[in-house]
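Counted the way the working numbering counts, the sequence shown spans residues 84 to 338.
Below: the structure, in structure tokens.
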Amino acid sequence: MLTSIIIPTYNALPLLRETISSIRRHTKELYELIVVDNGSTDGTLDFLKQQRIITISLPANTGFPAACNWGLRLARGEWLVLLNNDVLVTAEWLSRMQRTYDRDASIGIVGPLTNYASGRQQVAMTARYEEFAAQLSAEQDGKQEKVNRIIGFCMLFSRTFMKKVGLLDEQFSPGHFEDDDYCYRAYLAGYRVVIAKDAFVYHHGSASFGSYAEDDIRQLLERNRQLFMDKWGIDPLELSDEDIKGERHEHSGAS
84 MLTSIIIPTY NALPLLRETI SSIRRHTKEL YELIVVDNGS TDGTLDFLKQ QRIITISLPA
144 NTGFPAACNW GLRLARGEWL VLLNNDVLVT AEWLSRMQRT YDRDASIGIV GPLTNYASGR
204 QQVAMTARYE EFAAQLSAEQ DGKQEKVNRI IGFCMLFSRT FMKKVGLLDE QFSPGHFEDD
264 DYCYRAYLAG YRVVIAKDAF VYHHGSASFG SYAEDDIRQL LERNRQLFMD KWGIDPLELS
324 DEDIKGERHE HSGAS
């Protein structure tokens, strides 16, 4: 089956080059690459044209959720991957996440382990990233962990899932908590969210928001956290398994 890998980007050409190179080197499955450019002025569009990569060129920076949604609308694959422009994928990254997904029909979203993320996906690297990924794959082969959220730097789901749950909520643009929201909606729809513990994706981190001032980041986080609370009546930073089970039960009983 075809996998659509969707990468939003904005003025991060050196990182994007590395990301695309790692995908081509480590992805054996049939895939299409869709890059959604948020108005970059650093030569990104020329590079994408030279590489003959499917490109959506937006006139301005619409943020992560909106850019992802443009890519999802264009995607042809039955598998859908949202991927940051500042990651390096490793051997069998995609096949291992897909294998985890296929094991249980109740799984809606799968993510890998990484060196840089908030929450339970982060692990401490003890070797160079490709060597560490190989060690992790051998030690954790076939293992998975149910979690409340998968961080949007690398998120796998199916077209069937997207048709049921929908696109990302663009009110969280330019970004932060749209992944929490998507995972919460997955749970309300009866799905589980899991980490494929034998898949590893290296994440540089903060490429999208590296140019933001610290106060601006803090205000954005506070704003989007409040948006989540206004929408769902619960604090995403305090979300527990019990909260999710209760909300899913209530949602199912009301429908």
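Yeah, the Cβ is synthetic: ideal placement off N, Cα and C, and Gly gets one too.
Small disclaimer: the values here were computed from a predicted structure and weren't measured.
What residue range is occupied by the uninterrupted beta strand (DSSP E) comprising residue i?
{"i": "Glu321", "result": "Per DSSP, Glu321 belongs to no beta strand (DSSP E) and is neither H nor E."}
{"i": "Thr110", "result": "No beta strand (DSSP E) holds Thr110; DSSP gives it neither H nor E."}
{"i": "Arg275", "result": "275-286"}
{"i": "Thr86", "result": "86-92"}
Does the beta carbon of residue i sit closer than 9 Å to a beta carbon anywhere in chain D?
{"i": "Gly258", "result": "In the displayed structure, chain D is absent; only one protein chain is listed."}
Are the CB atoms of residue j and residue i within a distance shorter than 9 Å?
{"i": "Glu161", "j": "Thr243", "result": "yes"}
{"i": "Ile232", "j": "Tyr267", "result": "First, the residue type needs correcting, since residue 232 is Arg and not Ile in the sequence shown. In contact: Arg232 and Tyr267 (Cβ atoms closer than 9 Å)."}
{"i": "Leu163", "j": "Leu196", "result": "no"}
{"i": "Gln254", "j": "Leu165", "result": "no"}
{"i": "Pro257", "j": "Asn168", "result": "no"}
{"i": "Val118", "j": "Thr138", "result": "yes"}
{"i": "Cys237", "j": "Val284", "result": "yes"}
{"i": "Pro148", "j": "Glu261", "result": "yes"}
{"i": "Ile89", "j": "Leu141", "result": "no"}
{"i": "Phe240", "j": "Ile300", "result": "no"}
{"i": "His259", "j": "Arg203", "result": "no"}
Ends of the alpha helix (DSSP H) at residue i?
{"i": "Lys314", "result": "297-315"}
State the CB to CB distance for the pair residue i and residue j, rounded to an integer number of angstroms; the pair is presumed to be in contact (CB under 8 Å).
{"i": "Cys151", "j": "Leu251", "result": "5 Å"}
{"i": "Val277", "j": "Glu228", "result": "6 Å"}
{"i": "Leu113", "j": "Thr92", "result": "Leu113 to Thr92, Cβ: 23 Å. No contact."}
{"i": "Lys226", "j": "Lys314", "result": "That pair is no contact at about 33 Å."}
{"i": "Ser189", "j": "Arg275", "result": "5 Å"}
In chain order, which alpha helix (DSSP H) runs of at least 4 residues are fully inside the segment 217-265?
242-248
Segments assigned alpha helix (DSSP H), at least 4 residues, entirely inside the segment 120-203
127-133, 147-157, 176-185
At a cut of 8 Å, does the segment 100-115 reach the segment 169-177 through at least three beta carbon pairs?
yes
Could you tell me whether the segment 175-193 touches the segment 121-138, where touching means 3 or more Cβ pairs closer than 8 Å?
no
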